[in-house]
Amino acid sequence: MGKLVAISVVDEKNPTEEGSRYKTLIHRLATEYRDHYSRDFQFGHMDGNAYINSLIMGEVAVPSIIVLNTSNDQYFLPLEPVETMEQLLLFISGVLDGSAKAQGGDSILQRAKRIAYDARSTVMSVFRSSPCWAASCSACRWASSA
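Per my numbering, residue 15 is the first one in the sequence shown, and the count goes up by one each step.
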């Protein structure tokens, strides 16, 4: 297994009790269990889920905890909300011992999904930034005549 990254995904602009707890738990794990996990893990937090969503080609709730395997694009999500250090330690241990369910990956099927996801994301971003991109767009003519 490659290097793992345990991340608390939070909303820095609108902090919540749960988000603060996740950040604190990840920070405590990184400092209090450094000798035990530093060989396999890096730890941190991320403001917002946009980057993580693009990595996993899905949607991660904010706040949440996720573990990314940087060597094979797999990711791990806890099955239940993490409320205590003991729950976080069980989750992290499950990732290490293989009992936590891995999602994603770099298989041929996942690569095909990535191509489709990237194409869809590109098209969606074009429409979001310029919904009426053609002068002959009937919706544009309708909107401008109203």
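Beta carbons are placed, not taken as given, at the ideal position from N, Cα and C, and that holds for glycine.
Is residue i near residue j, with beta carbons less than 8 Å apart?
i	j	result
Tyr36	Val19	no
Asn63	Val76	yes
Ala114	Phe105	yes
Gly119	Asn86	yes
Arg48	Met99	no
Gly16	Thr84	yes
Does residue i come out as helix, strand or coil in the three-state DSSP assignment?
i	result
Val109	helix
Met60	strand
Ala116	coil
Ser52	coil
Where residue i and residue j are concerned, what is the direct C-alpha to C-alpha distance, given to the nearest angstrom?
i	j	result
Phe57	Glu97	17 Å
Glu46	Leu69	29 Å
Ala44	Lys127	33 Å
Leu110	His50	12 Å
Glu73	Asn67	5 Å
Ile79	Met71	16 Å
Thr30	Phe90	23 Å
Leu39	Leu93	17 Å
Glu95	Gly108	The sequence shown places Pro at residue 95, not Glu. Spanning the two alpha carbons is a distance of roughly 15 Å.
Gln101	Asn28	25 Å
Opposite residue i in the DSSP bridges: which residues?
i	result
Ser34	None; Ser34 has no bridge partner.
Leu18	Phe55, Asn83
Determine, for residue i, whether the minimum Cβ-Cβ distance to residues of chain C falls below 8 Å.
i	result
Ser22	Chain labels in this structure do not include chain C; a single protein chain is all it has.
Runs of 3 residues minimum, wholly inside the stretch 61–107: which ones carry the beta strand (DSSP E) assignment?
78–83, 88–90
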